[in-house]
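Read through the structure below, which is laid out as structure tokens, and then see the notes.
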Amino acid sequence: MIGTASALVWRGGSSFETVEVELPQPGPGETLVRLTAATVCGSDRHTVSGRRPAPCPSVLGHEGIGVVIASSGGRTVGGAAVVPGMRVVFGVTRSCGECEPCRRGLTAKCTSVQKAGHESFDSDWSLSGTYASHILLRDGQALVAVRESLQDGVAATAGCAVATVMAVLEQAGELTGRRVLVNGLGMLGIVAVAAALQRGAAEVVAMDPNADRLSLARG
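-13 is the number of the first residue of the sequence shown in my numbering; add one for each residue after it.
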């Protein structure tokens, strides 16, 4: 494929380097996306500070949204073919779909899992993270089309922050008429407040020492 991508490559500690790389040609089941927004997950901050191990060098970032520029044949979303120009968000994990955790619906615990923003820049998946102009989505990664009315900054969190919260709420069961406590109003907490109300909670009580976050949660 003709063209280049600009990637912010993490070199360890607080060291980053902007690198130009040739755009890859999508292989079977793969989709190349031009990113329009990326959000910062707290886990990336932990990686940079040394609290969380990660391959180095790598392109960090796993929450993003963008527009398809190329896709191999046969990939569909909601029954529709994935085509250039389609606006999409994507899952963090690339899973096999066949191991025991995958069969139980725990794809993030796949025995051969790979993760966006967690792969070596020197591997065959150099453009795995969202801190770049483009990302290559692999076969086995979830892909969802996004309507134009949804803002980039909101939709970009779907792959990690929103997915994490929704997994917790699924475990909580039916929320209609129940009172919900949310302890902490970072990205996950704010999403949890909105999601609990949307699922019918009678009242959501939120706790955070930050007045700005409390104000945001109140809407």
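Just so it is clear, CB atoms sit at the ideal spot from N, CA and C, and this is done for glycine as well.
Using the three-state DSSP reduction, which class does residue 73 fall into: helix, strand or coil? Translated into the one-based positions of the sequence shown, residue 73 becomes position 87. Strand, per DSSP.
Output the distance between the C-alpha atoms of residue 18 and residue 164, rounded to the nearest integer angstrom. Mapped onto the sequence shown, residue 18 falls at position 32. Mapped onto the sequence shown, residue 164 falls at position 178. If you take the alpha carbons of residue 18 and residue 164, they lie about 43 Å apart.
From 101, 138 and 179, residue whose alpha carbon lies closest to that of residue 187: In the sequence shown, counting from the first residue as 1, residue 187 sits at position 201. Shortest Cα-Cα distance from residue 187 to any of 101, 138 and 179 involves 179.
Proximity of residue 122 and residue 109 at Cβ, strictly below 9 Å: For the purposes of this step, residue 122 is taken as the residue at position 136 of the sequence shown. For the purposes of this step, residue 109 is taken as the residue at position 123 of the sequence shown. For residue 122 and residue 109, no; Cβs fall outside 9 Å.
When you compare only the Cα positions, how much space is there between residue 174 and residue 11? What you label residue 174 is simply residue 188 of the sequence shown in a count that begins at 1. What you label residue 11 is simply residue 25 of the sequence shown in a count that begins at 1. Whole-angstrom Cα-Cα distance: 35 Å.
When you compare the CB of residue 17 with every CB in chain D, is at least one pair closer than 9 Å? This model lacks chain D altogether, as it is built from one protein chain only.
Segment limits, alpha helix (DSSP H) that includes residue 86: The residue labelled residue 86 in the question sits at position 100 within the sequence shown. Looking at the DSSP string, the run of the alpha helix (DSSP H) that includes residue 86 is 86 to 89.
On the DSSP bridge list, what partners appear for residue 121? Against the sequence shown, residue 121 aligns to sequence position 135. DSSP, once it has assigned bridges, lists 19 as partnering residue 121.
Which stretch, first to last residue, makes up the beta strand (DSSP E) that contains residue 156? Sequence index remark: in the sequence shown, residue 156 carries index 170 (1-based). Element bounds for residue 156: not the beta strand (DSSP E) but the alpha helix (DSSP H), 147 to 158.
With a 10 Å radius around its C-beta and 16 neighbouring C-beta atoms as the bar for buried, classify residue 157 as buried or exposed. Translated into the one-based positions of the sequence shown, residue 157 becomes position 171. Looking at its Cβ environment, which holds fewer than 16 other Cβ atoms inside 10 Å, residue 157 is exposed.
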